[in-house]
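Visitor: Take a look at the following structure, please.
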Amino acid sequence: MKEKVVVLLVLLALVWGYHSPVRAEEKDYSDYVNPLMGTLSEYQLSTGNTYPAIARPWGMNFWVPQTGKMGDGWIYVYDHYRLRGFKQTHQPSPWINDYGTFSLMPVKGMKITEEERASWFSHKAEVVKPYYYSVYLAEHDIVTEMTPTERAVYFRFTFPETDEGYIVIDAYDKGSYIKVIPEENKIMGYTTRNSGGVPANFKNYFVVEFEDTPDAWHIWKDGKVCDGREVQDDHVGALIGFKTRRGEKIRARVASSFISYEQAERNLKELENKTFEEVKAEGQKVWNKILGVFDVEMSLDEMRTFYSCLYRSVLFPRSFYEFDENGRPVHYSPYNGKVLPGYMFTDTGFWDTFRCLFPLLNLAYPSMNAKIQEGLLNTYKESGFLPEWASPGHRGCMVGNNSASVVSDAILKDITPRDIQLPLYEAMLSTANSCHPQVKSTGRYGYEYYNNLGYVPYDAGINESAARTLEYAYDDWCIAQVGRKLGRSAEETGLYEKRSQNYKNLFDSSHNLMRGKNKDGRFQEPFNPLKWGDAFTEGNSWHYTWSVFHDVKGLQDLMGGRDVFVYMLDSVFTVPPVYDDSYYGGVIHEIREMQVMNMGNYAHGNQPVQHMIYLYNYGGEPWKAQYWVRQTMERMYRPTPDGYCGDEDNGQTSAWYVFSSLGFYPVCPGSDQYVIGAPLVRKATITLENGHKIEISAPDNTPENCYIRSLRVDGREYDKNYFSYGDLIKGTTLQFDMSHRPNKKRGIHQSAFPYSFSDQKIFDQGFYR
């Protein structure tokens, strides 16, 4: 009998170990990250559109194993099995593509072109960490390893026994230069390859230094070896030869600079006096420090998803600055081509990331966002505009003036250095009342109509006019909030408060939806609420109607009150995934991603509707938010190559999961509030930069227990549907009592609802006074 009891106890322990949360003392946070999450993507269907970025958080240069051909935006696709090189990349998305790229590839034999040198590989012989990558190249019998710093990378190649070992350095096409310097074991060169958004003098200068003396030095042009030590042409590179014993390791140190060769050499010092293993260990430590701000207890798969999403959330925006000989930040301006002092950041689209990526930085990594805000002011000084989509300079992509949101949320939370708050406010005013002459997505396209009519007309030849109007109205609210904080005149702040109500001009009460409107004041005809694009951006009216982040109560009133409002929210899930793709002339991937997810017309794979679920909290039925938030987390995120349900987009879709797992979400950046959902964690500790901690517990969390029975904040019963930033950053404990049944008596009264501009008494209290 005793033996049976012992066996039973062992089995119970194993079962508990499988299902129980992993505790803090066991954690190497970076070990939970799967950089391959979202890499099983293609043009027709995205499961993230990501690549494994081997990098440091917010690093200037990322490195990636390359399955795609040169210039292919899908750099690394999980079900492709041949590698063409190991590429320095600055790509924020396949749609924006890359710039400043070059690659290294070890080979056996003189195989130069990407087709000749490509090698089969297996994921079973691949190790992928945020700070380290290793793979076996079967065609060449070579193991490649790499570990990066912010601006440099250390390569280690393990060769077979051969007299024909080579490393191909590819400076890419569209204009490049290479020079070999055998007496210094060095190669220097530059690449000009880009996809736009650069001045005429753009170059990425690179230097490669070998620790081991090569046996042969060659340069090549258009895939063929040529004479001499240097060459400049459309597509050039170098071929460096080694005679090796089996298992011999060849090491290369690589760095680049957008400023000069001299600066590239300076950046190479990030590797100085360090071994490969030391750089690798340092990278692991850096990642653990950043990821460890959040210590969570969940199931193993949930933890893998959480930390993989957190990893994506701290890659962009990319640092685009370097340090001069005195250790001061300097940058090559992607706006005017000059080398200037100060910070610069790039490779992010605010249409995506204003929603919750930047609020995540403000909560968890405010010192980094303080630098980013300085960089935004430098962008304004150098180009006359705040950026909206930068890569590396202004790019023609998406709509809106959401730099206003990114700037305002940081100022209102006093993250932005005080001496630049007023200049940034003035930059917001200028950007809101102008449009870039070449890049229509920078500034406000159609601002003249918007300022005069209160909307951008559908028939004015300005695409996606309704989406622009809705976003401009929210951005005006953001400007008004900052104006109030900085003591600007009532006339000035009143103007932007008034304009923040322009969303009402597009509300069609006959459909209870937003609709494009012509210059003469009549609504567009015909109108199909399921039509993607046209008056809207990568979505339809059912998706964009909810883009009134700052005044949900006002939208509710337009719809006829809470009951109708909640009915319309419900309808997003009950309307089948039907669509009208006539604007695009075919099914775009965002439509397909909505269609296949079996959640009606809810399109979580794209950003405009990602906050919508939380709006049930404004309608007195918070349990529906709890249900659908949990459904979205559990059904649409996995720590696998097909782990996302659409474009990941520079950390936005990832940050949604991070916030939602913790139990709250910033519906309206620029306000002081986070709207409550349903935590997925059983326990979490957020260690803030000010030394305080947010302690979250939901011990009864299970897939079935997705509803909040009760909530206690610092030990006291809490009935509101939101938390305040001011309270959280002081340090607090949030205790969720979870249940499998909804509590339909909690959070149902107006006093529990989150902020809306139309709630004047709340507005007049002033969140940041």
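Here this note's numbering is used: position 245 in the sequence shown is 249, and no number is missing along the way.
Where is the CB? At the ideal position from N, CA and C, for every residue including glycine.
Owing to the predicted nature of the structure, the values given are computational and were not obtained by experimental measurement.
Could you check the C-alpha separation between Ser-123 and Lys-91 for me, to the nearest Å?
Guide: 15 angstroms
Visitor: Assess contact between the stretch 395–415 and the stretch 366–377, defined as three or more Cβ pairs (one per stretch) separated by less than 8 angstroms. Is contact present?
Guide: yes
Visitor: Sort out for me which residues DSSP pairs Arg-316 with in a bridge.
Guide: In DSSP, Arg-316 forms no bridge with anything.
Visitor: Just checking: is the beta-carbon of Thr-248 within a distance shorter than 8 angstroms of some beta-carbon in chain D?
Guide: Absent here is chain D; the protein component of the structure consists of one chain.
Visitor: Kindly list the residues whose CB is nearer than 6 angstroms to the CB of Gly-3, restricted to its own chain and excluding five residues on each side of it in sequence; keep chain order.
Guide: Here the chain has residues from 5 to 773 only, and residue 3 is not among them.
Visitor: Along the chain, where does the beta strand (DSSP E) containing Val-579 start, and where does it finish?
Guide: No beta strand (DSSP E) contains Val-579, which DSSP labels as neither H nor E.
Visitor: Counting C-beta neighbours from all protein chains within 10 Å, is the total for Asn-602 16 or more, i.e. buried, or is it exposed?
Guide: exposed
Visitor: Could you check if Asn-709 is buried or exposed, using at least 16 other CB atoms within 10 Å of its CB as the buried criterion?
Guide: buried
Visitor: What are the start and end residues of the alpha helix (DSSP H) that includes Gln-635?
Guide: 626–640
Visitor: Give the straight-line distance between the Cα atoms of Ala-169 and Val-229, rounded to the nearest whole angstrom.
Guide: It is worth fixing the name first, because residue 169 is Gly in this sequence and not Ala. Straight through space, the alpha carbons of Val-229 and Gly-169 are spaced by roughly 16 angstroms.
Visitor: To which residues of the same chain is Thr-248 closer than 8 angstroms at the C-beta, ignoring the five residues directly before and after it?
Guide: Phe-163, Pro-164, Glu-165, Thr-166, Gly-169 and Ile-254
Visitor: For Lys-278, which option in Glu-215, Val-318 and Leu-314 has the closest C-alpha, if you only look at C-alpha atoms?
Guide: Glu-215
Visitor: Can you tell me the Cβ-Cβ gap for Val-591 and Asp-585, rounded? I've got them flagged as a contact below 8 angstroms.
Guide: With a Cβ gap of about 5 angstroms, Val-591 and Asp-585 count as contacting.
Visitor: For Pro-39, which of Val-235, Arg-88, Cys-672 and Ser-138 has the nearest alpha-carbon?
Guide: Ser-138
Visitor: Can you list, in chain order, the residues of its chain with a C-beta nearer than 6 angstroms to that of Phe-569? Leave out the 5 residues immediately preceding and following it.
Guide: Apart from the 5 residues on each side of it in sequence, Phe-569 sits with its Cβ closer than 6 angstroms to the Cβ of Gln-560, Met-563 and Gly-623 in its chain, given in chain order.
Visitor: Can you grab the Cα-Cα spacing for the pair Met-572 / Ser-407, in whole Å?
Guide: 30 angstroms
Visitor: On the three-state DSSP scale, how would you describe Ala-394?
Guide: Per DSSP, reduced to three states, the secondary structure at Ala-394 is strand.
Visitor: State the DSSP-derived secondary structure class of His-696, mapped to helix, strand or coil.
Guide: Reduced to three states, the DSSP call for His-696 is coil.
Visitor: Where do the ends of the alpha helix (DSSP H) carrying Gly-487 lie?
Guide: 469–489 is the extent of the alpha helix (DSSP H) around Gly-487.
Visitor: Can you check which of these residues, Leu-474, Arg-503, Ala-470 and Glu-475, is closest to Ala-484 by C-alpha distance?
Guide: Arg-503
Visitor: Among residues of its own chain, excluding the 5 on either side of Tyr-82, which ones have a beta-carbon nearer than 7 angstroms to its beta-carbon?
Guide: Leu-40, Thr-43, Leu-44 and Pro-645
Visitor: Check the DSSP bridge columns for Val-443 and list the partner residues they point to.
Guide: Per DSSP, none; premise fails for Val-443.
Visitor: Can you find the residues in the same chain that come closer than 6 angstroms, C-beta to C-beta, to Ser-714, ignoring five residues on each side of it along the sequence?
Guide: Asp-741
Visitor: Glu-721: which of Leu-738, Thr-153, Lys-734 and Tyr-711 sits nearest, CA to CA?
Guide: The option with the nearest alpha carbon to Glu-721 is Leu-738.
Visitor: Suppose you measure from the CA of Lys-628 to the CA of Asn-621; what does that come to, to the nearest Å?
Guide: 8 angstroms
Visitor: Check Gly-379 in the structure and name its three-state DSSP category.
Guide: helix
Visitor: What's the gap between the Cα of Leu-684 and the Cα of Thr-352?
Guide: 28 angstroms
Visitor: Would you report the Cα separation of Asn-208 and Asn-516, rounded to the nearest angstrom?
Guide: Between the alpha carbons of Asn-208 and Asn-516 lies a distance of about 52 angstroms.
Visitor: So, using beta-carbon positions, are Tyr-726 and Ile-680 closer together than 8 angstroms?
Guide: yes
Visitor: Can you tell me whether Lys-734 is buried or exposed? The criterion is at least 16 other CB atoms within 10 Å of its CB, across all chains shown.
Guide: exposed
Visitor: Enumerate in chain order the residues of its own chain whose CB-to-CB distance from Thr-497 is below 6 angstroms, with the five nearest sequence positions on each side excluded.
Guide: Ala-484, Gly-487 and Arg-488
Visitor: Taking the C-alpha atoms as reference points, what is the distance between Val-581 and Asn-605?
Guide: The amino acid occupying residue 581 in the given sequence is Pro; Val does not appear at that position. Going by the C-alpha atoms only, they are around 5 angstroms apart.
Visitor: Does the Cβ of Asp-555 have 16 or more other Cβ atoms within 10 Å, making it buried, or fewer, making it exposed?
Guide: buried
Visitor: Assess, as a yes-or-no matter, whether the stretch 694–705 is touched by the stretch 390–399 under the definition of 3 or more beta carbon pairs within less than 8 angstroms.
Guide: Flag = no, the stretch 390–399 and the stretch 694–705 do not touch.
Visitor: Alpha helix (DSSP H) containing Ala-57: first to last residue?
Guide: Ala-57 -> no alpha helix (DSSP H), and no H or E assigned at all.
Visitor: Buried or exposed: where does Ala-394 fall if 16 or more other Cβ atoms within 10 Å of its Cβ makes it buried?
Guide: buried
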